[in-house]
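Colleague: Handing you this structure, nothing more for now.
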Amino acid sequence: TVGCVAVDSSGNLAAATSTGGLVNKMVGRIGDTPLVGAGTYANKFCAVSCTGKGEEIIRATVARDVAALMEYKGLTLKEATDYVIKESTPKGTTGLIAVSATGEVVTPFNTTGMFRACATQDGKTQIGIW
Amino acid sequence: MGWAIALHGDIPRELRESCLHRCLGIAIDALNSHKSPLDVVELVLLFSFVRELENDPHFNAGKGSVLTNNGTVEMEACIMDGSTKNCGAVSGLTTVVNAVSLARLVMERTPHIYLAFEGAEAFAREQGVETVDSSHFITPQNIERLKQAKAANSVQVDYTQPISIVDEPPVPNGDSQIG
Numbered sequence: 779t780v781g782c783v784a785v786d787s788s789g790n791l792a793a794a795t796s797t798g799g800l801v802n803k804m805v806g807r808i809g810d811t812p813l814v815g816a817g818t819y820a821n822k823f824c825a826v827s828c829t830g831k832g833e834e835i836i837r838a839t840v841a842r843d844v845a846a847l848m849e850y851k852g853l854t855l856k857e858a859t860d861y862v863i864k865e866s867t868p869k870g871t872t873g874l875i876a877v878s879a880t881g882e883v884v885t886p887f888n889t890t891g892m893f894r895a896c897a898t899q900d901g902k903t904q905i906g907i908w
Numbered sequence: 251m252g253w254a255i256a257l258h259g260d261i262p263r264e265l266r267e268s269c270l271h272r273c274l275g276i277a278i279d280a281l282n283s284h285k286s287p288l289d290v291v292e293l294v295l296l297f298s299f300v301r302e303l304e305n306d307p308h309f310n311a312g313k314g315s316v317l318t319n320n321g322t323v324e325m326e327a328c329i330m331d332g333s334t335k336n337c338g339a340v341s342g343l344t345t346v347v348n349a350v351s352l353a354r355l356v357m358e359r360t361p362h363i364y365l366a367f368e369g370a371e372a373f374a375r376e377q378g379v380e381t382v383d384s385s386h387f388i389t390p391q392n393i394e395r396l397k398q399a400k401a402a403n404s405v406q407v408d409y410t411q412p413i414s415i416v417d418e419p420p421v422p423n424g425d426s427q428i429g
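Residue numbers (my numbering), protein chains in the order written: chain A, 779 to 908; chain B, 251 to 429.
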């Protein structure tokens, strides 16, 4: 799975995800990626793109949960994603990337690793796996 | 505040830095050169980032997509604009070169959010997006991955190789733990 989230200097957010799914998946299987609110979501608070075991991400409505925690509970992006990754999804199943309208970037996962990269306008960049 | 971007993808370890650097560079250049507050410009650039990942055979999307139990590809994609909550999604694509571009067309040119399988393929042809024979997407590495998954009778996340080098016990269900 590949995904990208971005916020511009005016706070406009967008998310996109694309995937071939799981190896040896059944023909006709639909994963979390195309399900708005599960593997992909964006609103005025954040943009989220997920990767991992789609069935678990769908059950937990991961991307929308992050946005809802920010919108209704006032959590920061880090607090919201930490909760979803640590408390809402089984260990070893889920990773996500997200940006907030204020330029916060997070890339949490409860798998062993997740290939990820990020950059911000102040010059910070990161590339990582584990 | 300033702009920010993040991306994820699955690739062999030896290629990760070059691929991620390339994709990140494209994103940084695009954002740096378009600071006007036009949402559409930013979004068009965002789409291009995911297209870049799809076209790299080392990522599980587009060319390089993993295989179903029938040895076929069924690709999926989604895109969403946070300002308007407009979104588009596609599933079950077998010939469309850039699934995320078709998802964007669903968002912009239909009254719907989600098209799948035959309907999505028909929409792709109607819109004139680039299509190829589905064999284009199938790589020898993914044929081998499917063989291994079938031998193990498991459904697996796309990238499996480095699991033995991390200091963490294997999980009993046979899945790799790499997103």
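Just so it is clear, CB atoms sit at the ideal spot from N, CA and C, and this is done for glycine as well.
Put residue 807 of chain A into one of helix, strand or coil per three-state DSSP.
Modeller: coil
Colleague: Of the choices A:804, A:851, A:892 and A:790, whose alpha-carbon is the least far from that of residue 870 of chain A?
Modeller: A:892
Colleague: Give a yes or no on whether 8 Å exceeds the smallest Cβ distance from residue 792 of chain A to chain B.
Modeller: yes
Colleague: In whole angstroms, give me the CA-to-CA distance for residue 746 of chain A and residue 318 of chain B.
Modeller: Since the first residue shown for chain A is 779 and the last is 908, residue 746 of chain A is missing from the structure and cannot be characterised.
Colleague: If contact means a Cβ-Cβ distance below 8 Å, which residues of the segment 301 to 330 of chain B contact chain A?
Modeller: 303, 304, 309, 310, 311, 312, 314, 315, 316, 317, 318, 319, 320, 322, 323, 324, 325, 326, 327, 328, 329 and 330
Colleague: Could you have a look at residue 296 of chain B and say whether DSSP puts it in helix, strand or coil?
Modeller: Below a pLDDT of 50, predicted positions are generally treated as unreliable, and residue 296 of chain B, at 43, falls in that range; the measurement from the model is reported next regardless. Residue 296 of chain B falls in the helix class under three-state DSSP.
Colleague: So with CB distances below 7 Å, who are the chain A contacts of residue 278 of chain B?
Modeller: 897
Colleague: State buried or exposed for residue 802 of chain A, treating a residue as buried only when at least 16 other CB atoms are found within 10 Å of its CB.
Modeller: buried
Colleague: Sorted by chain position, which residues of the same chain lie with C-beta nearer than 6 Å to residue 877 of chain A's C-beta, five sequence neighbours on each side aside?
Modeller: 783, 785, 825 and 883
Colleague: Strictly by DSSP, which residues pair up with residue 338 of chain B?
Modeller: B:329
Colleague: Flag residue 848 of chain A as yes if its beta-carbon sits less than 8 Å from any beta-carbon of chain B, otherwise no.
Modeller: Residue 848 of chain A has a beta carbon lying at 8 Å or more from every beta carbon in chain B.
Colleague: Run through chain A and tell me which residues come within less than 8 Å of residue 388 of chain B, C-beta to C-beta.
Modeller: Those do not exist, as residue 388 of chain B stays about 10 Å from chain A at its closest Cβ, beyond 8 Å.
Colleague: Tell me whether residue 329 of chain B is buried or exposed, calling it buried when 16 or more other Cβ atoms sit within 10 Å of its Cβ.
Modeller: Taking all protein chains shown into account, residue 329 of chain B has 16 or more neighbouring C-beta atoms within 10 Å of its C-beta and is therefore buried.
Colleague: Determine, using beta carbons only, whether residue 800 of chain A comes closer than 8 Å to chain B.
Modeller: yes
Colleague: In whole angstroms, what is the alpha-carbon distance linking residue 790 of chain A and residue 898 of chain A?
Modeller: 14 Å
Colleague: Excluding the five sequence neighbours on either side, which residues of its own chain have a C-beta within less than 6 Å of the C-beta of residue 327 of chain B, listed in chain order?
Modeller: 340, 349, 350 and 353
Colleague: Which residue marks the beginning of the beta strand (DSSP E) containing residue 795 of chain A, and which one marks its end?
Modeller: 791 to 797
Colleague: Can you list, in chain order, the residues of its chain whose CB lies under 7 Å from that of residue 834 of chain A, leaving out five sequence neighbours each side?
Modeller: 867, 868, 871 and 872
Colleague: With a Cβ-Cβ cutoff of 8 Å, do residue 799 of chain A and residue 316 of chain B count as a contact?
Modeller: yes
Colleague: Going along the chain, which unbroken runs of the alpha helix (DSSP H) with 4 or more residues stay wholly within the segment 366 to 407 of chain B?
Modeller: The qualifying runs are 367 to 377 and 390 to 401.
Colleague: At a Cβ threshold of 8 Å, is residue 372 of chain B touching chain A?
Modeller: no
Colleague: Count the other C-beta atoms from every protein chain shown that fall within 10 angstroms of the C-beta of residue 401 of chain B, then say buried if there are 16 or more, exposed otherwise.
Modeller: exposed
Colleague: Answer yes or no: does any C-beta atom of chain A fall closer than 8 Å to that of residue 346 of chain B?
Modeller: No, no contact with chain A.
Colleague: For a contact meaning CB atoms closer than 8 Å, what does residue 396 of chain B contact in chain A?
Modeller: 801 and 802
Colleague: Count the other CB atoms within 10 Å of the CB of residue 333 of chain B; is the residue buried (16 or more) or exposed (fewer)?
Modeller: buried
Colleague: Going by other Cβ atoms of all chains shown within 10 Å of its Cβ, with 16 needed for buried, is residue 827 of chain A buried or exposed?
Modeller: buried
Colleague: Could you compute how far the alpha carbon of residue 890 of chain A sits from the alpha carbon of residue 376 of chain B?
Modeller: So the two alpha carbons sit approximately 42 Å from each other.
Colleague: Work out the CA separation of residue 821 of chain A and residue 337 of chain B for me, nearest whole Å.
Modeller: 11 Å
Colleague: Find the nearest neighbour of residue 908 of chain A within the set A:888, A:831 and A:797, judged by alpha-carbon distance.
Modeller: A:888
Colleague: Please give me, in chain order, every unbroken run of the beta strand (DSSP E) with length at least 3 that falls completely inside the segment 879 to 905 of chain A.
Modeller: 894 to 898
Colleague: For chain B, check one thing: does any of its Cβ atoms lie closer than 8 Å to the Cβ of residue 842 of chain A?
Modeller: no
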